[in-house]
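Each remark here refers to the structure printed beneath this line.
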Amino acid sequence: GEQAGEQAAGTYLLTAVLMHTGPSASSGHYTARIRDPYGDGQRGDGPRSAGRWWSCNDECVSEEGWGEPSGAARQSGVTLLRRSAAGGGRLFASKTAYMLQYTRRSELDEARAAGPPQAPQAVLSALREANAALRARARQYDDDVAAVEAKVRSRDEYLAALSPLLQAASPAARSLPDARWVPASWLRSSLALLREAEVGPVPNGEIRCEHGKADPAKLGEMRLVSPAAWRRMVERFGGGPELDTAGCAVCVRAALRTRRTADRTAQLKEALGQALSSPPSEEEEAFLVPKAFRAKWAKWRNEGVADATGELRCKHGGWLVDGARCISAAAWSHTEALFPDSTPLPRESTSACAACSAERRSLLEGAKGNAALRAAQRQQFGRLLAEEELPAEVLSAGSPLYLLDAAWVQEWRRFLLAKTQTQLHPGPPSSAGLRCEAHGCVEVRPGHTHARWRPSRGASAAERAVSERLATRCCLATAAEVEVLCGALAAGASPEEL
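With the UniProt record's numbering, letter number 224 in the sequence shown gets 224, and the count goes up by one each step, no holes.
Structural data, given as structure tokens:
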């Protein structure tokens, strides 16, 4: 008996196996099989004689089965040998690293007799809460999976019932008189999505015209379905209205008219372009149009201009013949078709506006007079034109001097220096800008105007500031200069008015 006890005390049992899987010792993955000494051990020397075995693979822990492994459960690199070990055990050969851990059997018996260690109450409470939360999440996950599966089954049932009803969408069935239109984008969504809320009701208002029928202009955006399929869709999703295959005859006729008009307009544009390339001869009939018509008629047409001759009409209601060009009768017929509000202006019978002609002659005569006046005044008033100051002897002579408004002087200078004949003279000399509006008196003290021409040496800062302000508002002129200006620029004007 004593010898048997010593043998039992010296017996070791396998309690853990650490296995490595990978191409080298510095990389790979470790898993472990650990014996539970407190489990429901079986009698004998088999693998379950001293408790259950647990397989530990990262966060996954499961009870180890001891049957013959197959497929993915077979350990990579481990081979079960045909011969058996002593005592009926199995023998394995491994090409990968592993470690076996043995524990004295007497220690296992003592541990089993003492029972498993008890964790602290705080740890047990935290564990119970974590397990409860995990079970709740698992139940919620199962519920979500069940809900999705139910929706998938519902959709599959819907598609199975709808598939044979969608035959009206095929080209061969488009002649069915009782088919119904639905938007193509909505039909694709209803066949792909799970929830009715994601699909929404049938939005047939998007493909309906203003007359309440299927809009022929949106034919590429809609599909035909059979009446049975339509009823099935409305029962499941709702929406509408119901649109049959008849479509809208009013919209079809309007579209046909628009297309014919566009074709006719394109033909007229091509014909007009060809006709304008050949100017009319002196003998053939011709019509007047604006000079820019040949270059701008296409732009006017695109902008919606209806009168091609509008630019030739003057303010008196006549015609500006001098600003016109001639086109052939063939070109004019195309022009009338493209610009229906145009007025026919035959070359032989259209005369220029008499009032405009008289104004033009007056302007030419005035321009000639202005040219002569400019030349004379540039010679007479070189000082004012060059903005030169009055000589000191003139300022000290005691002769009367006149204040001219600086704004008028600038207009007068522009008139003399203008390079075109359209610049008009500014009228008689003026000092209106130097008078107050309330009383009509001069705002500038005449005595202070000499500060503009006094040497700056010895003048105070305030005097220099006054001088600068005066220089921007007024200009001094002699009596002789003002008299000539009044007589030349405006007959009857008097220097006393200044």
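For each residue, glycine too, the CB sits at the ideal point set by N, CA and C.
contact_flag[the segment 226 to 245, the segment 261 to 280] where n(CB pairs < 8 angstroms) is 3 or more: no
Straight-line gap, Ala146 to Arg155 (C-alpha atoms, nearest Å): As a first step, residue 146 is located in the sequence shown; it is residue number 146 there, counting from the start. As a first step, residue 155 is located in the sequence shown; it is residue number 155 there, counting from the start. One C-alpha to the other measures close to 14 angstroms.
Proximity test, Cβ basis, 8 angstroms: Thr11 and chain D: In the structure shown, chain D cannot be found, because there is only a single protein chain.
Cβ neighbour criterion (16 or more within 10 Å) applied to Cys436: As a working note, residue 436 is residue 436 in the sequence shown. Exposed is the call here.
Neighbour-count burial assignment, Ala308, 16 or more Cβ in a 10 Å radius: Here residue 308 corresponds to residue number 308 of the sequence shown, with the count starting at 1. Result: buried.
Test item: CB-CB of Cys314 and Cys353 under 8 angstroms: As a working mapping, residue 314 is identified with position 314 in the sequence shown. As a working mapping, residue 353 is identified with position 353 in the sequence shown. Yes.
Touching by the beta-carbon criterion (3+ pairs, under 8 angstroms), the segment 336 to 355 and the segment 369 to 386: no
Three CB pairs or more closer than 8 angstroms across the segment 208 to 221 and the segment 242 to 250: yes
Expected contact under 8 angstroms - CB spacing of Arg180 and Leu219 to nearest Å: Stepping through the sequence shown from its first residue, residue 180 is reached at position 180. Stepping through the sequence shown from its first residue, residue 219 is reached at position 219. Actually they do not touch by this definition, with Cβ atoms about 14 angstroms apart.
Reduced DSSP secondary structure (H/G/I, E/B, other) of His439: Position 439 of the sequence shown, counted from the start, is the residue given in the question as residue 439. The answer is coil: DSSP assigns His439 none of H, G, I, E or B.
At least three beta-carbon pairs within less than 8 angstroms, the segment 295 to 307 to the segment 279 to 287: no
Same chain, Cβ closer than 7 angstroms to Glu206, five either side skipped, listed in chain order: Sequence index remark: in the sequence shown, residue 206 carries index 206 (1-based). Closer than 7 angstroms at Cβ, skipping near neighbours: Pro183.
Alpha-carbon to alpha-carbon, Phe237 and Arg208: As a working note, residue 208 is residue 208 in the sequence shown. As a working note, residue 237 is residue 237 in the sequence shown. Approximately 19 angstroms, taken between the alpha carbons.
Close Cβ partners of His334 (< 7 angstroms) along its chain, the five nearest in sequence each way excluded: By one-based count along the sequence shown, residue 334 stands at place 334. Excluding residues within five positions, the ones whose Cβ falls inside 7 angstroms are Leu268, Ala271, Leu272 and Ala275.
Trp319: first and last residue of the uninterrupted beta strand (DSSP E) it sits in: If you number the sequence shown from 1, residue 319 lands on position 319. No beta strand (DSSP E) holds Trp319; DSSP gives it neither H nor E.
Expected contact under 8 angstroms - CB spacing of Cys475 and Val409 to nearest Å: Here residue 475 refers to the residue found at position 475 of the sequence shown. Here residue 409 refers to the residue found at position 409 of the sequence shown. Rounded, the Cβ-Cβ distance is 5 angstroms, consistent with contact.
Secondary structure of Val305, DSSP reduced to three states: Here residue 305 corresponds to residue number 305 of the sequence shown, with the count starting at 1. Three-state result, Val305: coil.
Of the listed residues Lys151, Leu288 and Ala255, nearest to Trp319 (C-alpha basis): Numbered from 1 along the sequence shown, position 319 holds the residue referred to as residue 319. Checking every option, the nearest Cα to that of Trp319 belongs to Leu288.
Thr350, DSSP secondary structure in three states: Here the question's residue 350 lines up with position 350 in the sequence shown. The answer is coil: DSSP assigns Thr350 none of H, G, I, E or B.
Neighbour-count burial assignment, Asp405, 16 or more Cβ in a 10 Å radius: Here residue 405 is taken as the residue at index 405 of the sequence shown, counted from 1. So Asp405 counts as buried.
Between the CA atoms of Arg104 and Asn131 - distance to the nearest angstrom: Numbered from 1 along the sequence shown, position 131 holds the residue referred to as residue 131. Numbered from 1 along the sequence shown, position 104 holds the residue referred to as residue 104. Asn131 and Arg104: Cα-Cα distance of roughly 34 angstroms.
Assigned secondary structure, Pro164 (DSSP; H/G/I helix, E/B strand, else coil): Your numbering for residue 164 matches position 164 in the sequence shown. Residue state, collapsed to three classes: helix.
Beta-bridge pairing of His20 - partner residues as DSSP gives them: Here residue 20 refers to the residue found at position 20 when the sequence shown is read from its first residue. Paired residues: Tyr30.
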